[in-house]
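Numbering-wise, our numbering puts 42 at position 42 of the sequence shown, and it's gapless, one number per residue. Accompanying notes for the structure given below.
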Amino acid sequence: MSSYAIEIILTRQLADCLSMPVFITDTSGNLIFYNEAAEKILGKKFEDTGEMNADTWATIYKQKDNDG
């Protein structure tokens, strides 16, 4: 297993333990994980959406107003 894969696994585990929203992206901006707190903001569970490329998730989740 590559060190990158291990880093992603550990980062996802950390994100799952946090009560604040966490979005994890790769270097290209692809969404590779978001935690339960982020699910509440997005209104969708990660297990339902899975990973998304940058264009897809930027289109689905848009800023609603100047405050986010």
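Cβ atoms here follow ideal geometry from the backbone N, Cα and C, with glycine treated the same way. Please read these numbers as outputs of a predicted model, since none were measured by experiment.
Counted within 10 angstroms of its Cβ, other Cβ atoms place L18 as buried (16 or more) or exposed:
Stepping through the sequence shown from its first residue, residue 18 is reached at position 18. Exposed, because fewer than 16 other Cβ atoms sit within 10 Å of the Cβ of L18.
Under the DSSP definition of a beta bridge, which residues are partnered with I9?
Numbered from its first residue, the sequence shown carries residue 9 at position 9. Answer is none; I9 lacks a bridge partner.
Any heavy atom of the ligand FAD closer than 8 Å to the Cβ of K62?
The ligand content of the structure shown is nil, which means the ligand FAD is not present either.
Apart from the five residues just before and just after F23, which ones in its own chain have a Cβ nearer than 7 Å to its Cβ?
Looking up residue 23 in the sequence shown gives position 23. Contacts found: L31, Y34, A38.
Is it buried or exposed for A5, if we count other Cβ within 10 angstroms and need 16 for buried?
Residue 5 sits at position 5 when you count from the first residue of the sequence shown. Classification of A5: exposed, given that the 10 Å Cβ count is below 16.
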